[in-house]
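From first to last, the protein sequence lines are chains A and B. Heads up, the first sequence is in the UniProt record's numbering, so the first residue is 1 and it goes up one at a time. Heads up, the second sequence is in the UniProt record's numbering, so the first residue is 1 and it goes up one at a time.
There are 2 protein chains.
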Amino acid sequence: MIGRLNHVAIAVPDLEAASAQYRNALGAKVGAPQDEPDHGVTVVFIELPNTKIELLYPLGENSPIQGFLDKNPSGGIHHICYEVDDIITARDHLLETGARVLGTGEPKIGAHGKPVLFLHPKDFSGCLVELEQV
Amino acid sequence: MIGRLNHVAIAVPDLEAASAQYRNALGAKVGAPQDEPDHGVTVVFIELPNTKIELLYPLGENSPIQGFLDKNPSGGIHHICYEVDDIITARDHLLETGARVLGTGEPKIGAHGKPVLFLHPKDFSGCLVELEQV
């Protein structure tokens, strides 16, 4: 069912410092910060040959990553995102197996403009999993 | 400098349950458990079209992931691994930029039989980074 690893998202307490580390110390291709006000984050995309890293920094009030950074002040990996062909089919299959989908269970439009869902970390070894329809 | 994302490693408290979730709920291609006594882990490889997920479970005394699981009893993402062409050149460049290499600073042979180094999580937004020479 799941396809490619679309991205790994890392919540960071200092977007400029994190970008500089990836650009200078790791020699990666690091983009410019992009505000995503609908998602409460500013994102920096790091392009690797086979996937992307996304650095996430809180934007505005009630950012969904503020709580994570309060608990992890140095930052850390926030979630990983797998691609699926059909998010409704994927969701229905997951629910049948007993996995929990976060929120209302209806896909939302994610930061890439595509339908996404998040799965409960307790069902996936403590790892927050995003599914994105591609 | 860094190339492909080689893998995402997830430490899990129950290898059978985690394998079943990836195989059944996410429909992924999940391998058989492989003991890596030299590295203190049993590993399950999950092949995605563009990269791998590695489920890690402690093996023997003094497993390097036991402390992580003590702190994160549900499991969680333990590290991410980037590929490099030349690990000594990569290490020397990292040290010049002020990044810290864990251990002696000399590469060890990792679970894939190739030279690896680990970088200090505090220098990479709380994320433990492995470099593997490919």
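Glycine is no exception: its CB is placed at the ideal position from the N, C-alpha and C atoms. All values reported here derive from a predicted model rather than from experimental measurement.
query: Alpha-carbon spacing of A/ALA17 relative to A/GLY75, whole angstroms; result: 12 Å
query: For B/ILE53 and A/ASN50, the rounded distance between their alpha carbons; result: 14 Å
query: CB contact below 9 Å: B/VAL116 versus chain A; result: no
query: Cβ-based burial, A/GLY95 [other Cβ within 10 Å; buried from 16]; result: Note that residue 95 of chain A is Leu in the sequence shown here, rather than Gly. It counts as exposed.
query: Contained beta strand (DSSP E) runs [length at least 3] in the UniProt domain "VOC" (4–134) of chain A, N- to C-terminal order; result: 5–11, 34–36, 41–47, 52–58, 76–84, 115–119 and 129–133
query: Among A/GLU132, A/TYR22, A/VAL129 and A/PHE124, the one whose alpha carbon lies nearest that of B/ASP14; result: A/PHE124
query: Candidates B/LYS29, B/THR97 and B/GLY113, of which the one nearest A/ILE2 by Cα; result: B/LYS29
query: Chain A residues whose Cβ lies nearer than 7 Å to that of B/PHE124; result: GLN21
query: For A/LEU55, the nearest candidate out of A/ASN62, A/ASP38 and A/PRO33 (CA to CA); result: A/PRO33
query: Nearest-angstrom Cα separation, counted from A/LEU117 out to B/LEU69; result: 27 Å
query: Own chain, CB closer than 6 Å to B/ASN39, minus 5 neighbours either side, in chain order; result: The sequence given here has His at residue 39 of chain B, not Asn. Only ALA111 meet the Cβ criterion.
query: Short CB-CB distance (under 9 Å) between B/GLY60 and chain A; result: no
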